[in-house]
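Chemist:
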Amino acid sequence: MSLSLTSFGGAGTVTGSKHLIETSDARILLDCGLFQGLKVLRERNWEPLPIDPRSIDAVVLTHAHLDHSGYLPILAREGFAGPVYCTAATADLTEILLRDSAEIAEKDAAYANRKGFSKHKPALPLFTMRDVERALTLLRPIGFHVDQRLRGNVALRFRRAGHILGAATAELRCNDRVIVFSGDLGRFGDAVMLDPEPIARADYLLVESTYGDRTHARTNPLDALGAIIERTVARGGTIVIPAFTVGRAQVLLHHLWTLKEAGRLLSTPVFLDSPMAIRATDLMCHHLDDHRLPQDVCEAASAATKYVRDVEESKALTANPVPKVIIAGSGMATGGRVLHHIKAFGPDARSTILFAGYQAAGTRGARLLAGETELKMFGAWVPIRAEVANLSELSAHGDVDEIMRWLHGFEAPPERTFIVHGEPAAADALRVRIGRELQWRATVVDDRRSYNLGE
């Protein structure tokens, strides 16, 4: 049986995850994500996929983040009509993310056309709500540890990956060959999410490498978060936290509730300014098997937060001088309501812009952490005088030690390990460590190159 792998994203970069597995009688796409970050990558979202979407038999979606799910509306618009297999929580979150993204894209295009600052005449959204509706009809939720026949002799099984609600690793069995894709691996011992589950065997392994060349700080994230907020409030400033609205926002709310329960930050109001994050937070209480928090803690953390649902409430926050914490999307400051808060509070030296995890190359978050003191937003340059900080301890991605811990769970070496979803330096560092520590044959995947599995 012929068997091959080709990546059309998530190779040489941490975004745009799309990995095509081809057998003699099936084409299966592992993840279907958007490119984010550098302009040269974002422009690829507008290019046709190198293969006909109608030729794909099924999509396997490991989790809901847009760099893994966000291309689905385009794939469906261009003719894909097959099933998209995912877990139940991933289906719920994907619906929230895609609807929100389409709404933002349509509003941003309309705003750019009204203000005339787009180079494109007219500015168009990458995809529309109609495209999203078409894609959502294709979602097929299945349970963890359930064998699902995809096509021919190809079967799928999901296991928990940690990371965010519903996140999974994917095992494909093609006749007697086993392909495992890590998706995005979470943390071990996380306060909210479950540990990544071990897998005993794989003939071929695709493993992410987001943090393939670094470890997270081992400081207590609660103490670090509390200290940053307390010093900002003491000087009369506001803390703006750009947060991934699915996953990171919920972890932040839990940590902030824990700090308040410990008697800290009692006079500091916390605002969650994201309708999407509010809906995702509500889902935590509906998918209790997917995380560590009991029902009462989920409800208590939500009750301790002030939800900001409409635009007028959001505008009022920017005009409010009282020290406070504002959590808003997006996590890398690439769009969303957080941009308005950065525009309002970024020029204020008393305030803090606090990032909570990985910032892809080319994003506003990465540029601020690299020391830039101006950001271009809404067609104008905004000076940044606020303190800028990052708590990598809050990352939902496992670091290199945690990736290696998961790899040690295999009872025998895969015939070949393919390293994906990482910047070049991180991916190659993981390749070297796998070879040195495990003596496995590891390859950093080249974008759009086909690999004949079995060679």
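Just remember that my numbering sits 28 ahead of the position in the sequence shown, which is counted from 1. For each residue, glycine too, the CB sits at the ideal point set by N, CA and C. Nothing here was measured: the structure is a model prediction, and the numbers come from that model.
Helix, strand or coil for residue 404, going by three-state DSSP, please let me know.
Modeler: Of the three classes helix, strand and coil, the one that applies to residue 404 here is strand, per DSSP.
Chemist: If you check the beta carbons only, do residue 126 and residue 160 fall under 8 Å apart?
Modeler: Contact flag set, yes.
Chemist: Between which two residues does the beta strand (DSSP E) harbouring residue 313 extend?
Modeler: Taken as a continuous stretch (DSSP letters only), residue 313 belongs to no beta strand (DSSP E), as it is neither H nor E.
Chemist: My output table needs one value for residue 35: the three-state DSSP class, helix, strand or coil.
Modeler: Strand at residue 35.
Chemist: Do the stretch 437-451 and the stretch 470-483 touch if we need at least three Cβ pairs shorter than 8 Å?
Modeler: Contact between the stretch 437-451 and the stretch 470-483 is present, because at least three Cβ pairs lie under 8 Å.
Chemist: Please state whether DSSP places residue 432 in a helix, a strand or coil.
Modeler: Here residue 432 sits in helix by DSSP.
Chemist: In its own chain, which residues sit with a C-beta less than 6 Å from the C-beta of residue 413, not counting the 5 before and 5 after it?
Modeler: Here the set comprises 375, 377.
Chemist: Check this for me: beta carbons of residue 316 and residue 286, under 8 Å apart or not?
Modeler: It is not a contact, given that the beta carbons lie outside the stated cut-off.
Chemist: Looking only at C-alpha atoms, which of 260, 199, 261, 332 sits nearest to residue 288?
Modeler: When each option's Cα is compared against that of residue 288, the closest is 332.
Chemist: Residue range of the beta strand (DSSP E) that residue 176 falls in?
Modeler: First-last of the beta strand (DSSP E) with residue 176: 176-179.
Chemist: Using DSSP with H/G/I as helix, E/B as strand and the rest coil, what is residue 461?
Modeler: Residue 461 falls in the helix class under three-state DSSP.
Chemist: Check whether the Cβ atoms of residue 504 and residue 232 sit closer than 8 Å, and answer yes or no.
Modeler: Because the chain in this structure spans residues 29 to 483, residue 504 falls outside the shown range and cannot be described.
Chemist: Locate the alpha helix (DSSP H) running through residue 185, then write down its first and last residues.
Modeler: Unbroken run through residue 185 is the beta strand (DSSP E), 182-188; no alpha helix (DSSP H).
Chemist: On the three-state DSSP scale, how would you describe residue 452?
Modeler: Residue 452 falls in the helix class under three-state DSSP.
Chemist: Could you have a look at residue 286 and say whether DSSP puts it in helix, strand or coil?
Modeler: The answer is helix: DSSP assigns residue 286 an H, G or I state.
Chemist: Return the CA-CA distance between residue 385 and residue 280, expressed in angstroms with no decimal places.
Modeler: Spanning the two alpha carbons is a distance of roughly 11 Å.
Chemist: Where does residue 326 fall in DSSP's three states?
Modeler: Residue 326 falls in the helix class under three-state DSSP.
Chemist: So is residue 352 buried or exposed if we call it buried at 16+ other beta carbons inside 10 Å?
Modeler: Per the 10 Å Cβ criterion, buried.
Chemist: Rounding to the nearest angstrom, what Cα-Cα distance links residue 270 and residue 226 in this structure?
Modeler: Going from the Cα of residue 270 to the Cα of residue 226 covers about 32 Å.
Chemist: State yes or no: is the C-beta of residue 99 within less than 8 Å of the C-beta of residue 143?
Modeler: No.
Chemist: What first and last residue would you give for the alpha helix (DSSP H) that runs through residue 471?
Modeler: Here residue 471 belongs to no alpha helix (DSSP H); instead the beta strand (DSSP E) covers 470-472.
Chemist: Spatial neighbours of residue 228 within its chain, please: C-beta separation below 7 Å, excluding the five flanking residues on both sides.
Modeler: Correct list, in chain order: 438, 439.
Chemist: Tell me whether residue 480 sits in a helix, a strand or coil according to DSSP, three-state version.
Modeler: Three-state DSSP puts residue 480 in a strand.
Chemist: For residue 260, count the other beta carbons within 10 Å of its own beta carbon; 16 or more makes it buried, fewer makes it exposed. Which is it?
Modeler: Buried, because 16 or more other Cβ atoms sit within 10 Å of the Cβ of residue 260.
Chemist: What are the start and end residues of each continuous beta strand (DSSP E) run of 3 or more residues lying completely inside the stretch 60-109, in chain order?
Modeler: Fully enclosed beta strand (DSSP E) runs of 3 or longer: 86-88.
Chemist: Quick check: residue 83 and residue 55, are their CB atoms within less than 8 Å of each other?
Modeler: Yes.
Chemist: Is the beta carbon of residue 252 less than 8 Å from the beta carbon of residue 421?
Modeler: Going by C-beta atoms, residue 252 is nearer than 8 Å to residue 421.
Chemist: I'd like the list of long-range same chain contacts for residue 102, defined as Cβ closer than 6 Å, with 5 residues on each side in sequence excluded.
Modeler: 155, listed in sequence order.
Chemist: Check residue 411 in the structure and name its three-state DSSP category.
Modeler: Residue 411 falls in the strand class under three-state DSSP.
Chemist: DSSP has residue 343 in a bridge; who is on the other side?
Modeler: DSSP, once it has assigned bridges, lists no residue as partnering residue 343.
Chemist: Tell me, please, whether the stretch 74-88 touches the stretch 106-113 by the rule of three or more beta-carbon pairs shorter than 8 Å.
Modeler: At 8 Å Cβ cutoff, the stretches touch.
Chemist: Is the distance from the Cβ of residue 132 to the Cβ of residue 393 below 8 Å?
Modeler: No.
Chemist: Could you tell me the distance, in whole angstroms, from the CA atom of residue 92 to the CA atom of residue 283?
Modeler: Roughly 22 Å between the two C-alpha positions.
Chemist: Measuring only the C-alpha atoms, how far is residue 248 from residue 312?
Modeler: In a straight line, the C-alpha of residue 248 is about 24 Å away from that of residue 312.
Chemist: Let's see if you can read the secondary structure: which residues bound the beta strand (DSSP E) around residue 229?
Modeler: Careful: residue 229 lies outside any beta strand (DSSP E) and carries neither H nor E.
Chemist: In three-state DSSP terms, what is residue 139?
Modeler: In this structure, residue 139 counts as helix in the three-state DSSP scheme.
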